[in-house]
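Novice:
Number of protein chains: 2
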Amino acid sequence: MDTKQKILDAAERLIATQGFAGTSLRQIISEAGVNLAAVHYHFGSKQDLLDHVILRKAAAVNEERRRLIEQFEAEAGPGPVSVERVLTAFFEPMIEAGARNPQFVKLMGRMYGEGLLPALIEKHFQPTLTRFAQALQRARPELSQGELRWRMQFMFGAMSQAVCGQDMFPQMSVQADDSAFALVMRRLMVFLCAGFQAAITPEAETDEGNRYSVGHSPVPAGDSPKSC
Amino acid sequence: MDTKQKILDAAERLIATQGFAGTSLRQIISEAGVNLAAVHYHFGSKQDLLDHVILRKAAAVNEERRRLIEQFEAEAGPGPVSVERVLTAFFEPMIEAGARNPQFVKLMGRMYGEGLLPALIEKHFQPTLTRFAQALQRARPELSQGELRWRMQFMFGAMSQAVCGQDMFPQMSVQADDSAFALVMRRLMVFLCAGFQAAITPEAETDEGNRYSVGHSPVPAGDSPKSC
DNA sequence: GTCTATACTGAGATAGAC
DNA sequence: GTCTATCTCAGTATAGAC
Numbered sequence: 012m013d014t015k016q017k018i019l020d021a022a023e024r025l026i027a028t029q030g031f032a033g034t035s036l037r038q039i040i041s042e043a044g045v046n047l048a049a050v051h052y053h054f055g056s057k058q059d060l061l062d063h064v065i066l067r068k069a070a071a072v073n074e075e076r077r078r079l080i081e082q083f084e085a086e087a088g089p090g091p092v093s094v095e096r097v098l099t100a101f102f103e104p105m106i107e108a109g110a111r112n113p114q115f116v117k118l119m120g121r122m123y124g125e126g127l128l129p130a131l132i133e134k135h136f137q138p139t140l141t142r143f144a145q146a147l148q149r150a151r152p153e154l155s156q157g158e159l160r161w162r163m164q165f166m167f168g169a170m171s172q173a174v175c176g177q178d179m180f181p182q183m184s185v186q187a188d189d190s191a192f193a194l195v196m197r198r199l200m201v202f203l204c205a206g207f208q209a210a211i212t213p214e215a216e217t218d219e220g221n222r223y224s225v226g227h228s229p230v231p232a233g234d235s236p237k238s239c
Numbered sequence: 012m013d014t015k016q017k018i019l020d021a022a023e024r025l026i027a028t029q030g031f032a033g034t035s036l037r038q039i040i041s042e043a044g045v046n047l048a049a050v051h052y053h054f055g056s057k058q059d060l061l062d063h064v065i066l067r068k069a070a071a072v073n074e075e076r077r078r079l080i081e082q083f084e085a086e087a088g089p090g091p092v093s094v095e096r097v098l099t100a101f102f103e104p105m106i107e108a109g110a111r112n113p114q115f116v117k118l119m120g121r122m123y124g125e126g127l128l129p130a131l132i133e134k135h136f137q138p139t140l141t142r143f144a145q146a147l148q149r150a151r152p153e154l155s156q157g158e159l160r161w162r163m164q165f166m167f168g169a170m171s172q173a174v175c176g177q178d179m180f181p182q183m184s185v186q187a188d189d190s191a192f193a194l195v196m197r198r199l200m201v202f203l204c205a206g207f208q209a210a211i212t213p214e215a216e217t218d219e220g221n222r223y224s225v226g227h228s229p230v231p232a233g234d235s236p237k238s239c
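If you're matching them up, the sequences are chains A and B in order.
Everything in the first sequence is counted per my numbering, starting at 12 for the first residue and increasing by one.
Everything in the second sequence is counted per my numbering, starting at 12 for the first residue and increasing by one.
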């Protein structure tokens, strides 16, 4: 009866540590102690198994996100919800989930990195995502829709690395213990908050000459096109 | 004689569009018109083939990055190079590479997402990476080494999504044409620049009670721990 | 409905003939 | 250097026991 659960648990554990492509069904069934065909009976395919692994927990996180953003919007009345609070509504449920189950959050990050999440999000969480996009748009009305969505794209990438990124600096393993997770997420929020608050990107200077003239003549220090 | 080149070219093209895991050696050899065993003869394994695909072009980008940061440091004299200029030294060579060969840059982003790049970077580009970390540290001396490296981690994640991310919003495909690539990268730089410039993350408030009290009582609006 | 046994196709890798 | 044959292991499909 709990064959399904055993498969889901084993899959979550293994995929979180080894990635989706790096985990074979035979590993999963061996750890779960079930038969290979049971996976396809219950889930259809490896990809569908992944969907179920993610959905059974992501749904709650998503629900909580929706609840928080609604609460903040109600509190804000007619005015916009601040960028900081929108990000809080987005990340706080994730931090909570990570405190309860670090594995799952790591798995989500990995799946995002492997490019497997967007399809799922589009299938199941599009409304929530749109809701956050609109909230951010109200908080930063100067930003074009294009720029805002790119910044959200950047946000997802940064989040993915925050959650499951491997260290680039071997001499020091930053993510020592799980208790540091909440701190990392707060660092992420600070970083992203500033990013969203940045002035709009000037769209001018479309390849006049070759911008790579930077190369061998000194770069003018003062009048950069970037508002930094 | 050009068997090696044919394999490298086909691999770059296919992996850039389908990812590493999603591309089989048999696809590659079919497109290159060579024998399967030739791959293992010339490169040893699929993973090693990927290393060669990346290294043959990434080395130049990396060299250019090193050259630029050195130039900026020379111009700055004893003072620090600004965050903006450090990021320029980092991204400008990549923008150039993308203008010449969009495929390659996309491939790099994909590999980063799949978690295959950090090992390579550590093996071959550690000195350059350390150099940029030091430059950023001088530009933002208030940041602890840990926080700075996390922000770099966020940067890599955002970059990865900027370069190869799939759209989350189906109704509108943002990355319409390749000419938009430079604009996206400038948007990324503006975003990241603000992120690095953000005030340090307060490390206090370590789980006193349960921070999720946010839940059912209204969240205090004013006195947030995040400096946003 | 639930699970087992087994076979099928395609993957990466390797040994050895030429 | 190159190619054939073959090995192991992956995901998948199905027939049939209970």
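Glycine included, every Cβ here is placed at the ideal spot set by N, Cα and C.
(1) Who are the Cβ neighbours of residue 150 (chain A) in its own chain at under 8 Å, not counting the five residues just before and after it?
(2) Hey, residue 211 (chain B) and residue 154 (chain B) are a contact pair by Cβ (cut 8 Å); roughly how many whole angstroms apart?
(3) Counting beta carbon pairs with one atom in the stretch 98-116 of chain B and one in the stretch 155-170 of chain A, are three or more of them shorter than 8 Å?
(4) Below 8 Å between beta carbons: does that hold for residue 53 (chain A) and residue 14 (chain A)?
(5) Given a cut-off of 8 Å, decide if residue 105 (chain B) and residue 72 (chain B) are closer than it, judged by their beta-carbon atoms.
(6) Is residue 208 (chain B) helix, strand or coil when you go by DSSP?
(7) Tell me whether the stretch 24-41 of chain A and the stretch 70-90 of chain A touch, counting them as touching only if at least three CB pairs, one residue from each stretch, are closer than 8 Å.
(8) Excluding sequence positions up to five away, which residues of its chain have a Cβ less than 6 Å from the Cβ of residue 193 (chain A)?
(9) Classify residue 13 (chain B) as helix, strand or coil using the three-state DSSP reduction.
(10) Grouping DSSP H, G and I as helix and E and B as strand, with all else coil, what is residue 125 (chain B)?
(11) Looking at residue 48 (chain A) and residue 121 (chain A), is the spacing between their C-beta atoms short of 8 Å?
(12) Would you decide whether residue 103 (chain B) is buried or exposed? Buried here means 16 or more other CB atoms lie within 10 Å of its CB.
(13) Residue 8 (chain B): which of B:57, B:100, B:118 sits nearest, CA to CA?
(14) Thinking C-beta only, is residue 124 (chain A) closer than 8 Å to residue 124 (chain B)?
(15) Taking the alpha carbon of residue 118 (chain A) as the reference point, which residue from A:146, A:191, A:62 has its own alpha carbon closest?
(16) For residue 66 (chain A), which residues in chain B fall below 9 Å Cβ to Cβ?
(17) According to the neighbour-count rule (16 or more other Cβ atoms, all chains shown, within 10 Å of its Cβ), is residue 171 (chain A) buried or exposed?
(18) Can you tell me whether DSSP reads residue 141 (chain A) as helix, strand or coil?
(19) If distances are taken between C-alpha atoms only, which option among A:138, A:196, A:127, A:55 comes closest to residue 80 (chain A)?
(20) Please state whether the Cβ-Cβ distance between residue 162 (chain A) and residue 115 (chain B) is less than 8 Å.
(21) Where do the N-terminal and C-terminal ends of the alpha helix (DSSP H) with residue 104 (chain A) fall, by residue?
(22) Using a Cβ-Cβ cutoff of less than 6 Å, which residues in the same chain neighbour residue 68 (chain A) once the five nearest sequence positions on both sides are dropped?
(23) Residue 171 (chain A) versus chain B: which residues are under 9 Å apart at the beta carbon?
(24) Going by the CB atoms, is the gap between residue 169 (chain B) and residue 168 (chain A) shorter than 8 Å?
(25) Establish whether the CB of residue 37 (chain A) and some CB of chain B are separated by less than 8 Å.
(26) Give every residue of the same chain whose Cβ lies closer than 7 Å to the Cβ of residue 143 (chain B), excluding the five residues on either side of it in the sequence, and list them in chain order.
(27) Is residue 143 (chain B) close to chain A? Criterion is C-beta to C-beta, closer than 8 Å.
(28) When you compare each of A:19, A:178, A:176 to residue 57 (chain A) by their alpha carbons, which one comes out closest?
(29) Check this for me: beta carbons of residue 42 (chain A) and residue 60 (chain A), under 8 Å apart or not?
(30) What distance in whole Å lies between the Cβ atoms of residue 199 (chain B) and residue 165 (chain A), which are believed to be in contact at a cut-off of 8 Å?
(31) In the stretch 23-36 of chain B, which residues sit with their C-beta less than 8 Å from some C-beta in chain A, listed in chain order?
(32) Just verifying my parser: in three-state terms, what is the DSSP assignment at residue 177 (chain A)?
(33) Any idea what DSSP makes of residue 136 (chain B), helix, strand or coil?
Specialist: To lay it out plainly:
(1) Along the first sequence, read from residue 1 onward, the residue named residue 150 (chain A) stands at position 139. Within the same chain, residue 150 (chain A) has close Cβ partners 91, 92, 93, 94, 97, 207.
(2) As a working mapping, residue 211 (chain B) is identified with position 200 in the second sequence. As a working mapping, residue 154 (chain B) is identified with position 143 in the second sequence. That belief holds up - the Cβ atoms of residue 211 (chain B) and residue 154 (chain B) are roughly 6 Å apart, short of 8 Å.
(3) no
(4) By 1-based counting over the first sequence, the position of residue 53 (chain A) is 42. By 1-based counting over the first sequence, the position of residue 14 (chain A) is 3. Result yes, Cβ atoms of residue 53 (chain A) and residue 14 (chain A) sit closer than 8 Å.
(5) On the second sequence, position 61 is the one that residue 72 (chain B) refers to. On the second sequence, position 94 is the one that residue 105 (chain B) refers to. Yes, Cβ-Cβ distance for residue 72 (chain B) and residue 105 (chain B) is below 8 Å.
(6) For the purposes of this step, residue 208 (chain B) is identified with residue 197 of the second sequence, where counting begins at 1. Looking at residue 208 (chain B) - three-state DSSP - the assignment turns out to be helix.
(7) no
(8) Here the question's residue 193 (chain A) lines up with position 182 in the first sequence. So the list reads 106, once near-sequence residues are dropped.
(9) Reading the second sequence from its first residue, position 2 is the one you call residue 13 (chain B). Of the three classes helix, strand and coil, the one that applies to residue 13 (chain B) here is coil, per DSSP.
(10) The count along the second sequence starts at 1 and reaches residue 125 (chain B) at position 114. Coil.
(11) One-based indexing of the first sequence puts residue 121 (chain A) at position 110. One-based indexing of the first sequence puts residue 48 (chain A) at position 37. The answer is no: Cβ separation not under 8 Å.
(12) As a first step, residue 103 (chain B) is located in the second sequence; it is residue number 92 there, counting from the start. Buried, since its Cβ has 16 or more Cβ neighbours within 10 Å.
(13) Lying before the first or after the last residue shown, residue 8 (chain B) is absent from chain B, which here runs from 12 to 239.
(14) Along the second sequence, one-based indexing puts residue 124 (chain B) at 113. Along the first sequence, one-based indexing puts residue 124 (chain A) at 113. Yes, they are a contact pair.
(15) Taking the first sequence and counting its residues from 1, one reaches residue 118 (chain A) at position 107. Residue A:62 is the option with its Cα nearest to residue 118 (chain A).
(16) Here the question's residue 66 (chain A) lines up with position 55 in the first sequence. Under the 9 Å cutoff, chain B gives no residues; its nearest Cβ is about 17 Å from residue 66 (chain A).
(17) Reading the first sequence from its first residue, position 160 is the one you call residue 171 (chain A). With 16 or more Cβ atoms within 10 Å of its Cβ, residue 171 (chain A) is classed as buried.
(18) Your numbering for residue 141 (chain A) matches position 130 in the first sequence. The answer is helix: DSSP assigns residue 141 (chain A) an H, G or I state.
(19) Taking the first sequence and counting its residues from 1, one reaches residue 80 (chain A) at position 69. Selected option, being the one with the closest Cα: A:138.
(20) As a first step, residue 162 (chain A) is located in the first sequence; it is residue number 151 there, counting from the start. As a first step, residue 115 (chain B) is located in the second sequence; it is residue number 104 there, counting from the start. No, these two residues do not count as a Cβ contact at 8 Å.
(21) Translated into the one-based positions of the first sequence, residue 104 (chain A) becomes position 93. Where residue 104 (chain A) is concerned, the enclosing alpha helix (DSSP H) stretches over 94-111.
(22) Here the question's residue 68 (chain A) lines up with position 57 in the first sequence. 115.
(23) Counting from one through the first sequence, the residue named residue 171 (chain A) turns up at place 160. Within 9 Å Cβ-Cβ: 124, 168, 171, 172.
(24) Along the first sequence, one-based indexing puts residue 168 (chain A) at 157. Along the second sequence, one-based indexing puts residue 169 (chain B) at 158. Yes. Within cutoff.
(25) Taking the first sequence and counting its residues from 1, the one referred to as residue 37 (chain A) is at position 26. No, because no Cβ of chain B sits closer than 8 Å to the Cβ of residue 37 (chain A).
(26) On the second sequence, residue 143 (chain B) is found 132 positions in, with the first residue counted as 1. If we look at residue 143 (chain B) and ignore the five residues flanking it on each side, its Cβ neighbours are 80, 97, 101.
(27) Indexing the second sequence from 1 puts residue 143 (chain B) at position 132. With 8 Å as the cut-off, residue 143 (chain B) does not count as an interface residue toward chain A.
(28) Indexing the first sequence from 1 puts residue 57 (chain A) at position 46. The option with the nearest alpha carbon to residue 57 (chain A) is A:19.
(29) The residue you call residue 42 (chain A) lines up with position 31 of the first sequence. The residue you call residue 60 (chain A) lines up with position 49 of the first sequence. No.
(30) By one-based count along the first sequence, residue 165 (chain A) stands at place 154. By one-based count along the second sequence, residue 199 (chain B) stands at place 188. Right, the Cβ-Cβ distance comes to about 6 Å (below 8 Å), so this counts as a contact.
(31) 30, 32
(32) For the purposes of this step, residue 177 (chain A) is identified with residue 166 of the first sequence, where counting begins at 1. Looking at residue 177 (chain A) - three-state DSSP - the assignment turns out to be coil, as it is neither helix nor strand.
(33) The sequence position of residue 136 (chain B) within the second sequence is 125, counting from 1. DSSP places residue 136 (chain B) in coil when its eight states are reduced to three.
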